[in-house]
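*Asks:* Take 1 as the starting number for the sequence shown in the UniProt record's numbering and just add one per residue.
Where a beta carbon is used, it is the ideal one built from N, C-alpha and C, also for glycine.
This is the structure, below, for whatever I ask next.
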Amino acid sequence: MIVIFDTTEFYTNLRLEGPNYMLLRTYLNKTSTIFVVPKIVFEETVNHFRERLLKHSKEVKDGLNNLSKLIAVTGYNFNPNLNQEEAVEKYRRELDSLILQMNGKVIGYEKVDVDKLVKRSLERRKPFDGDGKIGFRDAVLWETLLQELHGKDPNTTVYLISKNSKDFGTEEQLFKPLQLECVGVGMKETCVRLFNGLQSFIDSVVKPHLDTLDEIQDRLKQGEYKGFVLDVFFTSASESIMDYIQNYLKQYGFQRHSGHLIRLVHSPELLSMDSKPREVSIEDVWSIDHDKVAVGIKVCLGGKIKYYEQHEILYPCNDEVFSDIFDECFVGEATFLVSLTVVLNRNTGSTDIYEIDKIEVQLAS
């Protein structure tokens, strides 16, 4: 899925703040949806910042002049110590960073064919108006989107969010000629859904989807999700988890903290692992596609490991001090904090695959 913004969504909120943007960020993090900003939208937004900066600077200057006249005092010089071009460039970098933080990207219009735009205008084709004179920026946005859709999965859904959605269609549907242009780049006619502003998209798509994920997470915690039981899952997966921990210990080892010292250990070996987890928690749930969700699980496992530490012995001989290094073997209880991701089929409750993301090793004191 792709979320694409028109400039109208930035005009009133240049720093992408507030509850709706918080919900949008959560939605983007919990789904495979890509946030896309056409370059013309990006540049329009930066230009809008520039215009507002000039406008407010003039308002402050005029206000101080009026104040000095009102109280009959001269000398109120407007000097905000602001380099406006530097402020604009700073905002450009900040906006780019905000988009990246939302796992988004700016897509350029370099591949947009000017001849195509001219032809579209002369033929009065949408999103130009009936005279072919108004709608140049919308046309560039649309052509940029078509370029982005080349080679995409035909089942991809695009959410086009604009307070000027009537320029592209009615309700949630594109005008028929624009639908056919989607078919021309290998997509379905109905691949683009229109939303008249961010609030409409939040209410129609984001909130229901996040509510569904929260419900799945609650049911998983309560052990009520379509036959998926954590204890049963770990019983079936315990052998492969043990192998993974063993390989992790061989590859990365661990450090043992002793007072203020950090002792390096080597050749660790997992001897045994408890048959049942000490603690299991569902950390998060996010969408992969229509039928599957990923479940982030943290599990605390107990086990016994063998490891070696190197020690140095110092001993004097004939007014000299000699040293020797030897390995000392230890066997101890350990706690393994394992973070893993399970891909869960929403229809059947079965697990298709799981991956171990992180392991922490803690030795019993």
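On the DSSP letters alone, give me the boundaries of the beta strand (DSSP E) that Leu-210 sits inside.
*Replies:* Premise fails: Leu-210 lies in the alpha helix (DSSP H), 207-221, not in any beta strand (DSSP E).
*Asks:* For the 8 Å Cβ check, are there 3 or more pairs between the region 327-336 and the region 295-308?
*Replies:* Judged by Cβ distances under 8 Å, the region 327-336 makes contact with the region 295-308, as three or more pairs qualify.
*Asks:* Using three-state DSSP, classify Asp-357 as helix, strand or coil.
*Replies:* Three-state DSSP puts Asp-357 in a strand.
*Asks:* Note down, one range per segment and in chain order, each alpha helix (DSSP H) of at least 4 residues found wholly within the region 116-159.
*Replies:* If we require 4 residues or more, the alpha helix (DSSP H) runs fully inside the region 116-159 come out as 136-149.
*Asks:* Look at the alpha carbon of Lys-61 and the alpha carbon of Thr-7, and state the distance between them as a whole number of angstroms.
*Replies:* Approximately 29 Å between the Cα atoms of the pair.
*Asks:* Starting from Thr-235, trace the alpha helix (DSSP H) both ways and give me its first and last residue.
*Replies:* That run of the alpha helix (DSSP H) goes 230-252.
*Asks:* Given a cut-off of 7 Å, decide if Met-102 and Pro-154 are closer than it, judged by their beta-carbon atoms.
*Replies:* Not in contact: Pro-154 and Met-102 (Cβ atoms no closer than 7 Å).
*Asks:* Going by DSSP, what residue range makes up the beta strand (DSSP E) through Ser-32?
*Replies:* From DSSP, Ser-32 is part of no beta strand (DSSP E); its letter is neither H nor E.
*Asks:* Rounded to whole angstroms, what's the CA-CA distance from Thr-190 to Leu-174? Just pull it up for me.
*Replies:* When rounded, the distance between both Cα atoms is 8 Å.
*Asks:* Output the residue ranges of the beta strand (DSSP E) runs that lie fully inside the region 180-204 and measure 3 residues or longer, sorted by chain position.
*Replies:* Within the region 180-204, the complete beta strand (DSSP E) runs of at least 3 residues are 192-195.
*Asks:* Would you say Val-295 and Pro-277 are within 7 Å of each other, going by their C-beta atoms?
*Replies:* No, these two residues do not count as a Cβ contact at 7 Å.
*Asks:* Going by DSSP, which residues form a beta bridge with His-311?
*Replies:* Phe-326.
*Asks:* Shortest alpha-carbon distance to Lys-39 belongs to which of Arg-92, Leu-23 and Ser-32?
*Replies:* Here the closest residue by C-alpha is Arg-92.
*Asks:* Cα separation between Thr-26 and Lys-292?
*Replies:* Approximately 18 Å between the Cα atoms of the pair.
*Asks:* My understanding is that Val-106 touches Asp-113, with C-beta atoms under 8 Å, so please give their C-beta distance in whole angstroms.
*Replies:* Rounded, the Cβ-Cβ distance is 20 Å, inconsistent with contact.
*Asks:* Work out the CA separation of Phe-330 and Asp-319 for me, nearest whole Å.
*Replies:* About 34 Å.
*Asks:* Just to confirm, is the Cβ distance from Thr-135 to Lys-163 under 7 Å?
*Replies:* Note that residue 135 corresponds to Gly in the displayed sequence, not to Thr. Contact flag unset, no.
*Asks:* DSSP puts Pro-38 in a beta bridge; with which residues?
*Replies:* In the DSSP output, where bridge partners are listed per residue, Pro-38 has Ile-107.
*Asks:* Please say whether Arg-124 and Tyr-159 have beta carbons closer to each other than 7 Å?
*Replies:* It is not a contact, given that the beta carbons lie outside the stated cut-off.
*Asks:* Do Met-1 and Thr-235 have their C-beta atoms within less than 7 Å of each other?
*Replies:* Cβ atoms of Met-1 and Thr-235: not closer than 7 Å.
*Asks:* Identify which residue in Ser-275, Glu-9 and Val-205 has its Cα closest to the Cα of Phe-233.
*Replies:* Ranking Ser-275, Glu-9 and Val-205 by Cα distance to Phe-233 puts Ser-275 first.
*Asks:* Residues bridged to Lys-292 by DSSP?
*Replies:* For Lys-292, which the question treats as bridged, DSSP gives the partners Asn-345.
*Asks:* According to DSSP, which residues form a beta bridge with Gly-332?
*Replies:* Answer by DSSP bridge pairing, in chain order: Ile-305.
*Asks:* Which residue marks the beginning of the beta strand (DSSP E) containing Phe-168, and which one marks its end?
*Replies:* Element bounds for Phe-168: n/a, residue is neither H nor E.
*Asks:* Could you tell me which residues DSSP puts in a beta bridge with Phe-5?
*Replies:* Phe-5 is bridged to Ile-161.
*Asks:* Excluding the 5 residues flanking Val-183 on each side, which residues of the same chain have their C-beta closer than 7 Å to its C-beta?
*Replies:* Closer than 7 Å at Cβ, skipping near neighbours: Glu-189.
*Asks:* Using CA atoms only, rank isn't needed, just tell me which of Glu-59, Phe-49 and Leu-98 is closest to Glu-85.
*Replies:* Residue Phe-49 is the option with its Cα nearest to Glu-85.
*Asks:* For Phe-322, count the other beta carbons within 10 Å of its own beta carbon; 16 or more makes it buried, fewer makes it exposed. Which is it?
*Replies:* Burial call: exposed.
*Asks:* State buried or exposed for Gln-217, treating a residue as buried only when at least 16 other CB atoms are found within 10 Å of its CB.
*Replies:* By the 10 Å Cβ count, Gln-217 comes out buried.
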